[in-house]
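Using the working numbering, you'd call the opening residue of the sequence shown number 277 and step up by one each time. Where a beta carbon is used, it is the ideal one built from N, C-alpha and C, also for glycine. The structure under discussion appears below in the form of structure tokens.
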Amino acid sequence: MADDNEGSKMERYLKVISAVSAYWVCSIGLVFLNKYLLSSSDLKLNAPLFITWFQCVVTVGLCFSLSFLSKKLPHTITFPRMTLDAKISREVLPLSLVFVGMIAFNNLCLKHVGVSFYYLGRCLTTVFNVLCTYLILGQKTSARAIGCCFVIIAGFLMGVDQEDASGSLSIIGVIYGVLASLCVALNAIYTQSSLPIVGDSIWRLTMYNNLNALVLFLPFMLFFGEFGELIYFPRLFSPVFWMWMLLSGVFGFLMGYVTGWQIQVCYTNLKLIGSNHTNLQSSLHLKKRLCSCTYPTDFTSFVLHVR
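The structure is reproduced here in structure tokens:
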């Protein structure tokens with residue numbers, strides 16, 4: 277019996293490690309791809325919502341393609357059957373609204389700030405998670421955890437001050453980053469509550485979420501004038517441009533799955549350790565002087581989990 281318990285515990289640990297590792301790889305890859313598409317001097321495409329919308333198109337297309345292949349080659353490919361159900365789509369809509377806000381604010385933030393500062397802003401997710409868990413779920417947090425949140429906020433403010441001192445501070449970028457952090461925290465809560473609607477299938481939730489997002493993004497793209505940007509974009513018919521767009525779409529598809537997988541197998545605060553470790557790794561990779569500000573948030577996420 278003891279051996280069975282040990283084996284079961286080890287299996288759970290391996291699932292958690294696999295989910296968090298997959299999140300690290302996909303998150304870092306997608307952020308750098310989006311940063312290239314949004315801010316590269318080669319492209320200069322001022323249409324962040326269109327890029328996100330296209331990634332949703334690729335995700336939905338891949339979900340239905342893999343579902344079709346699974347039906348034709350059941351012994352080779354295993355994938356859930358994808359069907360359209362208006363009732364499920366409506367029930368998933370609250371998550372989709374948060375999801376649209378999350379990825380839109382993420383990309384808008386990336387357009388105005390560097391990758392390192394973007395990740396610094398995203399560390400506020402831990403603070404919003406504690407706040408939203410109390411306000412939405414009614415779960416109280418220990419005084420020690422609240423104290424850790426103040427350390428995170430202090431680190432964020434110090435990073436803003438350093439960015440301002442260097443002359444590269446973008447106020448609108450900071451606002452987008454804070455809103456993105458709020459949406460990430462809400463996304464984790466709503467994903468957890470939406471999984472039973474689709475039979476705990478992460479792939480089906482990913483499909484419905486992105487399908488709803490396809491419709492939700494269109495009025496925003498129209499309002500911000502992105503259709504006009506696309507018409508006059510000089511590389512609209514460039515194969516290289518669409519290659520990068522497709523690659524970002526594939527990473528978006530994978531990111532949708534690993535995010536849901538991580539939420540499914542991890543406690544919420546453990547998921548935030550994965551997010552903040554990714555923040556730290558990217559900051560170190562860029563060798564920015566602000567990277568030191570991500571250490572406190574990474575440590576406090578650990579304290580929040582083990583409290």
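Could you name the residues of the same chain whose beta carbon sits closer than 8 Å to that of residue i, not counting the 5 residues immediately before and after it, in chain order?
i           : result
residue 386 : 307, 310, 311, 314, 315, 324, 394
residue 302 : 527, 530, 531, 534
residue 288 : 541
residue 317 : none
residue 436 : 445, 450
Tell me the rounded alpha-carbon separation between residue i and residue j.
i           : j           : result
residue 446 : residue 358 : 42 Å
residue 372 : residue 482 : 10 Å
residue 382 : residue 492 : 16 Å
residue 260 : residue 356 : Absent from the model: residue 260. The displayed extent of the chain is 277 to 583, so no value can be given.
residue 290 : residue 452 : 35 Å
residue 408 : residue 284 : 32 Å
residue 454 : residue 539 : 21 Å
residue 414 : residue 465 : 12 Å
residue 286 : residue 366 : 38 Å
residue 518 : residue 418 : 49 Å
residue 441 : residue 495 : 38 Å
residue 544 : residue 511 : Caution applies to residue 544, whose pLDDT of 44 falls short of 50 and renders its modelled position unreliable; the model cannot decide the point.
residue 500 : residue 474 : 33 Å
residue 432 : residue 339 : 38 Å
residue 272 : residue 484 : There is simply no residue 272 to check, as the chain begins at 277 and stops at 583 in what is shown.
residue 321 : residue 351 : 43 Å
residue 502 : residue 514 : 18 Å
residue 416 : residue 506 : 47 Å
residue 411 : residue 348 : 47 Å
residue 468 : residue 319 : 37 Å
residue 552 : residue 360 : Low local confidence applies: a pLDDT of 44 at residue 552 is under 50, so the model's placement there is unreliable, with the coordinate-based value given in what follows. Between residue 552 and residue 360, the C-alpha separation is close to 35 Å.
residue 459 : residue 297 : 22 Å
Buried or exposed for residue i, going by 16 or more other Cβ atoms inside 10 Å?
i           : result
residue 401 : buried
residue 362 : exposed
residue 391 : buried
residue 508 : exposed
residue 461 : buried
residue 601 : For the chain, the structure presents residues 277 to 583; residue 601 sits outside this window and is missing.
residue 396 : buried
residue 384 : buried
If I measure Cβ to Cβ from residue i and keep anything under 7 Å in the same chain, skipping five residues before and after, which residues do I get?
i           : result
residue 526 : 334
residue 489 : 332, 372, 375, 376
residue 364 : 473, 474, 484
residue 370 : 466
residue 430 : none
Does the beta-carbon distance from residue i to residue j come in below 8 Å?
i           : j           : result
residue 463 : residue 336 : no
residue 368 : residue 477 : no
residue 327 : residue 524 : yes
residue 516 : residue 295 : no
residue 449 : residue 389 : yes
residue 330 : residue 497 : no
Cutting at 6 Å between CB atoms, please list the residues of its own chain near residue i, excluding the five before and the five after it.
i           : result
residue 457 : 398, 400, 401, 404
residue 537 : 295, 478
residue 379 : 328
Is it the case that the segment 342-361 contacts the segment 417-433, given that we only count it when at least three CB pairs across the two stretches are under 8 Å?
no
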